[in-house]
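Chemist: What the sequence shown shows, in my numbering, is residues 170 to 815, in sequence order. Virtual Cβ for every residue (Gly too), placed ideally from N, Cα, C. Computed from a prediction, not measured in an experiment: that's the story for all the values here.
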Amino acid sequence: MLKALVKQIDAVAEKWLPLPQPLDQNIISWASLHGWDASDIHCHRLLVRQALFNAIIRQTIPGIQRRTYGTPLDALGLEAPQPLVEAIYDAAQRSQALFNFWGELYNALIPQSERRRIGQFWTHEQVAEWMVAWLLQSRPQRLADIGCGAGNFLLKAAERLEKTHDATQLCGLDLSPLLLNVILAAFSTRRWNKPSVLPTLTLQNYLETALPANVDAVICNPPYTRHHHIAPALKDRLQAFFKTQLHLDVSRQGTLAFYFLLKLIAEMPDGARAAVIVPMEVLDARYGKVAKHVLCQHTALTALIHFSPEMNAFHKVDVGATIVLFRKGYERQNQVCNLTLNVLPGTDELLGCLETPCPGKRELAFGSLVVQPQNDLLEVPKWFSIATTESLTVDWETSGLVVPLKALARVVRGIATGANEFFVLPAQKVEQYSLEPYVVRTVHRNREIQDIILDEARWQTLADEGKCVWLLYLNGEDVSDPHLRNYLAEGEAVGYHQRSLVQSRKKWYAMEQRDIPPIFFTLLTRGNPRFILNRAGVRPLNMFLLIYPNPHLIRADATELLWALLNSNFSLSRLHSVSRTYGGNTLKVEPRELDNLPVINPLALPEDIRQRIKGWIDDFYRHQQASVLVRQVDKLIETLHEQILT
170 MLKALVKQID AVAEKWLPLP QPLDQNIISW ASLHGWDASD IHCHRLLVRQ
220 ALFNAIIRQT IPGIQRRTYG TPLDALGLEA PQPLVEAIYD AAQRSQALFN
270 FWGELYNALI PQSERRRIGQ FWTHEQVAEW MVAWLLQSRP QRLADIGCGA
320 GNFLLKAAER LEKTHDATQL CGLDLSPLLL NVILAAFSTR RWNKPSVLPT
370 LTLQNYLETA LPANVDAVIC NPPYTRHHHI APALKDRLQA FFKTQLHLDV
420 SRQGTLAFYF LLKLIAEMPD GARAAVIVPM EVLDARYGKV AKHVLCQHTA
470 LTALIHFSPE MNAFHKVDVG ATIVLFRKGY ERQNQVCNLT LNVLPGTDEL
520 LGCLETPCPG KRELAFGSLV VQPQNDLLEV PKWFSIATTE SLTVDWETSG
570 LVVPLKALAR VVRGIATGAN EFFVLPAQKV EQYSLEPYVV RTVHRNREIQ
620 DIILDEARWQ TLADEGKCVW LLYLNGEDVS DPHLRNYLAE GEAVGYHQRS
670 LVQSRKKWYA MEQRDIPPIF FTLLTRGNPR FILNRAGVRP LNMFLLIYPN
720 PHLIRADATE LLWALLNSNF SLSRLHSVSR TYGGNTLKVE PRELDNLPVI
770 NPLALPEDIR QRIKGWIDDF YRHQQASVLV RQVDKLIETL HEQILT
């Protein structure tokens, strides 16, 4: 149904496309807020979609016109034709199965990829239900939805309050007037059992205003916007604010979600409750240590609700997230529930397991629960791993066989070019510009290598397919060759020398220098992390981590042994303990995180076992079946474990 409505809106939109130039400056600023290029025709389509959608809200719902918020889109002067208005109205009346018809329609019109820069992410109805239910247990006077978006939290709260007859006031705050209009539409067209009181809505950027007065319950799915899209001046103000309020120096590398969480904690009154969706990066990245410290020292955590790697509770979002439930104010001896979900439970089931928690770990029908003292959390490097990760047992720890990877190898990030489209080339382009003396072999997309080895034949296949397998690898010295000078001049003509990373070099075309790594690892993967044996002599780009075995490992001819052991289930299953987990089984591992990955030390194995693994590796070179090699190594490790236990 929603796709059909989008088609109808697009058919009407053609009348106004492309938008006449020059565009109003407010329209350009609105587009920029969303991360869109106002000169692009695709952006024009998105703007017209938004304007028509806003017009439809105003024309469809009786009496809403006087309550709606003005938007920059109003300058376009668009009106929706009556047949379209009637079609949308009929769909809204027939769509009671959809929890938030107007929000869902907006999502269909402006897909997730187009909402990424502004940080708008849809909250699953069941997730909203849990968070609202936990907050309303305390019967707060005033519940605030900070960054309320399309209003799922507010709708859920109103729905629940209708049943309990409690008098909690609802308020919402967002920087998008269009989304505030969506909330008005959702409340106005919903079938309530009794007249519903509209929430108090405020058009405001939370990072530039204070928490609403008299709020004793806060709910928030904060915008997820990366640090390089946050204005430096705003970072300056926030750093000064946190220094004053929390007496802490806060990293400038934090995302908007990071700043939202800290600001909420700083401004909430003691005893107030909060339910916040927090991207795991906020807690498990290096800059996130501050957030963990603030949570442990300034709040009483009730629960950290995680989603297993196989789940994707946040549709089309590669951001792993945790629901954090807490009260403002530190409580000595507080116990925290670390709940990891394999399926979505009912609200009563979820809230029930959080009541009167007993220390320890137990399995549930819908996941697993670990209860531990809040004071212990500061010593846990990755909070996501508490209830999910297969940690090292005492027998492995005392066996002398297991070490962190950093004891055996050095890990560095692959080469960052600053302009892949200029520096990373297919063979045809290398030949066209006669750049053969100045390039080295590379790979830059992990999807191009699905196996655990990259050999000459596989690399040549990529080259023959026209993949970008050559890297312009200059050291900044002699560039007198006219062919090379011509290519560099073309790069300067289109502005590559002005890119931020490129500009930071002494010579803009001088490349980061890396030795050829014997092994490299897929830094960001979805369901298939792998350590790749480099038999093609490539220097991978920064979508990979490069692994350089220590000299004593090389002298012992144990590089391939390390590679085979890293690809075992023993090590791969423990990646979650050191990595950042995102939605849809996606992992991201930074160099200093991979340093700590547990691995069987090949040099600690008896000589006969080392020779056996080498024989399997030789067999692998013939049969080329990675699954066979991995299965053999896994079985060997199981046998070693049994021997340790006995």
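Mind checking residue 796: buried by the 16 CB within 10 Å criterion, or exposed?
Modeler: Around the beta carbon of residue 796, fewer than 16 other beta carbons lie within 10 angstroms, which makes this residue exposed.
Chemist: Please state the DSSP three-state secondary structure of residue 565.
Modeler: helix
Chemist: Mind checking who residue 340 pairs with in its DSSP beta bridge?
Modeler: Looking at the DSSP assignment, residue 340 forms a beta bridge with 313, 369.
Chemist: Suppose contacts are defined by Cβ-Cβ distances below 9 Å. Is residue 378 in contact with residue 339 by that definition?
Modeler: No; because the gap between Cβ atoms is not below 9 Å, this pair is not in contact.
Chemist: From this set, 788, 620, 585, which residue's C-alpha is nearest residue 672's C-alpha?
Modeler: 585
Chemist: Can you tell me the Cα-Cα spacing of residue 660 and residue 632, whole angstroms?
Modeler: It is roughly 23 Å from the alpha-carbon of residue 660 to the alpha-carbon of residue 632.
Chemist: Just confirm the distance between the C-beta atoms of residue 571 and residue 767, as a whole number of angstroms; I'd bet it's less than 8 Å.
Modeler: 5 Å
Chemist: Which residues mark the beginning and the end of the alpha helix (DSSP H) in which residue 303 is found?
Modeler: 294 to 305
Chemist: Mind reading off the beta-carbon distance from residue 594 to residue 641? Whole number of angstroms is fine, and I expect it under 8 Å.
Modeler: 7 Å
Chemist: Alpha carbons only, please: which of 360, 353, 374, 358 is nearest the one belonging to residue 367?
Modeler: 353
Chemist: Rank 776, 669, 314 by C-alpha distance to the C-alpha of residue 387 and give the top, closest one.
Modeler: 314
Chemist: Taking C-beta to C-beta, are residue 505 and residue 473 nearer than 9 Å?
Modeler: yes
Chemist: How about residue 297 and residue 276: do their beta carbons lie closer than 9 Å?
Modeler: no
Chemist: In the DSSP assignment, what residue or residues form a beta bridge with residue 532?
Modeler: The partner list for residue 532 (beta bridge, DSSP) reads 537.
Chemist: Residue range of the beta strand (DSSP E) that residue 770 falls in?
Modeler: Neither: residue 770 is in no beta strand (DSSP E) and is coded neither H nor E.
Chemist: Locate the alpha helix (DSSP H) running through residue 413, then write down its first and last residues.
Modeler: 401 to 414
Chemist: Any contact of the stretch 456 to 470 with the stretch 492 to 499, i.e. 3+ C-beta pairs under 8 Å?
Modeler: yes
Chemist: Using a Cβ-Cβ cutoff of less than 7 Å, which residues in the same chain neighbour residue 676 once the five nearest sequence positions on both sides are dropped?
Modeler: Non-local beta-carbon contacts of residue 676 in its own chain, meaning distances under 7 Å to residues more than five positions away in sequence, involve 645 in chain order.
Chemist: Is it buried or exposed for residue 434, if we count other Cβ within 10 angstroms and need 16 for buried?
Modeler: buried
Chemist: Counting pairs of beta carbons, one from the stretch 704 to 720 and one from the stretch 684 to 695, are three or more of them closer than 8 Å?
Modeler: yes
Chemist: Between which residues of its own chain and residue 418 is the CB-CB distance below 7 Å, once the five residues before and five after are set aside?
Modeler: Counting only Cβ-Cβ distances below 7 Å, and skipping sequence neighbours, we find 412.
Chemist: Excluding the 5 residues flanking residue 381 on each side, which residues of the same chain have their C-beta closer than 6 Å to its C-beta?
Modeler: Here the set comprises 313, 340.
Chemist: How is residue 816 classed by DSSP in three states: helix, strand or coil?
Modeler: Outside the shown range of the chain, which is 170 to 815, sits residue 816, and nothing can be said about it.
Chemist: If we ignore side chains and look at the alpha-carbon of each, how far apart do residue 477 and residue 293 end up?
Modeler: Rounded to whole angstroms, residue 477 and residue 293 show a C-alpha spacing of 16 Å.
Chemist: Is the stretch 295 to 311 touching the stretch 255 to 262 in the sense that three or more CB pairs, one from each, lie closer than 8 Å?
Modeler: no
Chemist: Between which two residues does the alpha helix (DSSP H) harbouring residue 700 extend?
Modeler: Where residue 700 is concerned, there is no enclosing alpha helix (DSSP H), although the beta strand (DSSP E) it sits in stretches over 700 to 703.
Chemist: Given this structure, state the Cα-to-Cα distance separating residue 516 from residue 544, to the nearest angstrom.
Modeler: 28 Å
Chemist: Short of 8 Å in beta carbon distance, which residues of its chain neighbour residue 802, apart from the five on each side in sequence? Order them along the chain.
Modeler: If we look at residue 802 and ignore the five residues flanking it on each side, its Cβ neighbours are 733, 734, 736, 737, 782, 785.
Chemist: By the three-class DSSP mapping on this structure, what secondary structure does residue 471 have?
Modeler: strand
Chemist: Just the Cα atoms here: how many angstroms apart are residue 460 and residue 431?
Modeler: In this structure, the straight-line span from the alpha carbon of residue 460 to that of residue 431 is close to 7 Å.
Chemist: Looking at residue 523 and residue 510, is the spacing between their C-beta atoms short of 9 Å?
Modeler: Contact: no.
Chemist: In terms of residue numbering, what span does the alpha helix (DSSP H) encompassing residue 181 cover?
Modeler: 171 to 182
Chemist: Identify every residue that forms a DSSP beta bridge with residue 326.
Modeler: Its beta-bridge partners do not exist; DSSP assigns none.
Chemist: Helix, strand or coil, according to DSSP, for residue 506 in the structure here?
Modeler: Correct three-state label for residue 506: strand.
Chemist: Thinking C-alpha only, which one of 267, 747, 760, 780 is nearest residue 727?
Modeler: Per the Cα distances, 780.
Chemist: Evaluate residue 647 with the Cβ neighbour count: other Cβ atoms within 10 Å of its Cβ, from every protein chain shown; 16 or more gives buried, anything less gives exposed.
Modeler: Under this definition residue 647 is an exposed residue.
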